[in-house]
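Asker: Mapping of the sequence shown onto this note's numbering: position 85 corresponds to residue 104, and the numbering continues sequentially without gaps.
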Amino acid sequence: MSRLLVAVSLALFISPLSWAASGASPGGSPAQVVEAYHRAFVSEKADAARLLIGSQLWMSGGAGSAEASDWEAHMFLRGEEIDQWLGFMMKEAGPFVNEVEVLSTHERAQAALVVTRETGRNKFREWSGEVVVWQLGQVDGSWKILGFFLSDARNPE
């Protein structure tokens with residue numbers, strides 16, 4: 020019985036470590052999925068990031084304004100478009116540096132919001148203390164990123 024307990028304990032300990040190493044987090048909490056997504060970007064693992072995104076992805080930005088009339092849609096991607104976007108971001112926008120602090124999470128009816136404060140940079144922009152609202156949904160028993168709102172992001176002119 021004690022060997023079984025040790026084996027189960029090791030399995031429960033090692034499995035999350037392997038998910039974290041790959042950048043994926045099957046069955047993780049919404050906050051863990053967002054954190055794993057960031058690890059995948061920093062380590063330039065597009066495949067790991069893709070595992071954490073649903074079949075559609077909505078992106079928008081606040082243009083650095085608290086005025087809702089200033090907020091902008093950025094893009095909406097489906098299927099292979101997400102793969103192409105991830106490939107572009109990893110090759111053309113990287114390397115990524117990002118520190119993420121989870122400020123809050125809320126779950127209800129297979130939906131979740133994760134609010135983060137992020138400081139980092141890539142080839143195209145730098146951000147400091149940017150508030151990001153992540154929208155996630157339960158898809159086949161796992162949390163998937165469905166969209167995000169970057170409070171400081173502005174569309175290119």
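Think of the CB as a built atom: it goes at the ideal place given N, C-alpha and C, for glycine as much as any other residue.
These numbers come from a predicted model, not from an experiment.
(1) In this structure, what does DSSP give as the bridge partners for residue 117?
(2) Taking DSSP's pairing of strands, which residues face residue 167 in a bridge?
(3) Under 8 angstroms, do residue 97 and residue 120 count as touching if we go by C-beta distance?
(4) Helix or strand or just coil, what does DSSP make of residue 104?
(5) Might you give, ordered along the chain, the residues of its own chain that have their beta carbon closer than 8 angstroms to the beta carbon of residue 40, omitting 5 neighbours on each side?
(6) Note down the Cα distance separating residue 89 from residue 78, rounded to an integer number of angstroms.
(7) Are residue 132 and residue 153 touching if we call contact CB-CB under 8 angstroms?
(8) Put residue 99 into one of helix, strand or coil per three-state DSSP.
Answerer: In brief:
(1) 139
(2) 78 and 153
(3) no
(4) helix
(5) Because residue 40 sits at a pLDDT of 42, beneath the cut-off of 50, its placement in the model cannot be relied upon, and the point is left open.
(6) 15 angstroms
(7) yes
(8) helix
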